[in-house]
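Peer 1: Have a look at this one.
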Amino acid sequence: MKQWLLDILQCPICRNDKLSLKTIEVNGDEIVWGVILCDACKRWFPIINSIPHMLPDEFRKNEDKEFAERVSKLLEGITLELRPPRYKISDDIR
Ligand SMILES: [Zn+2]
């Protein structure tokens, strides 16, 4: 996805439209791998192969687990939990 898309995306849980982005892999101006974070309800949403997966909790699938395992070491200070899919920021970088 492109960076500008973040400005029009909304959290499917709480409708917050101020979302944060952590990029993991970029290719030019394309974000290939990354995580979208909702500061309001603390949900996280994966960007997998350039596609943002902005799904409500009940539609989230096993790809979440694979994604979290794959990227956990690359996200400094951020822990991705699965049920519910919330993130935590460790104290040392808060
Ligand atoms: Zn939210």
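Residue numbers for the sequence shown follow my numbering, beginning at 105 and rising by one.
We put the beta carbon where it would ideally sit given N, CA and C, even for glycine.
Indicate the three-state DSSP secondary structure (helix, strand or coil) for ARG190 in the structure shown.
Peer 2: In this structure, ARG190 counts as strand in the three-state DSSP scheme.
Peer 1: Pairs of beta-carbons, one from the segment 169-183 and one from the segment 111-130, closer than 8 Å: are there three or more?
Peer 2: Yes, the segment 169-183 is in contact with the segment 111-130.
Peer 1: Please name the residue, chosen from PRO156, PRO150 and PRO160, that lies closest to ILE117 on a Cα-to-Cα basis.
Peer 2: Taking only the C-alpha atoms, the option nearest ILE117 is PRO160.
Peer 1: Nearest CA to the CA of ILE193: which residue from ASP168, ARG147, ASN153 and ASN166?
Peer 2: Measuring from the Cα of ILE193, the nearest candidate turns out to be ARG147.
Peer 1: Let me check understanding here. Comparing Cα to Cα, which of VAL139, GLN114 and ASP133 lies closest to PRO189?
Peer 2: Among VAL139, GLN114 and ASP133, the Cα nearest to that of PRO189 belongs to VAL139.
Peer 1: According to the Cβ coordinates, are MET158 and LEU113 closer than 8 Å?
Peer 2: Against a cut-off of 8 Å, the Cβ pair of LEU113 and MET158 comes out as a contact.
Peer 1: Return the first residue and the last residue of the alpha helix (DSSP H) that GLU167 is part of.
Peer 2: Start and end: 167-175.
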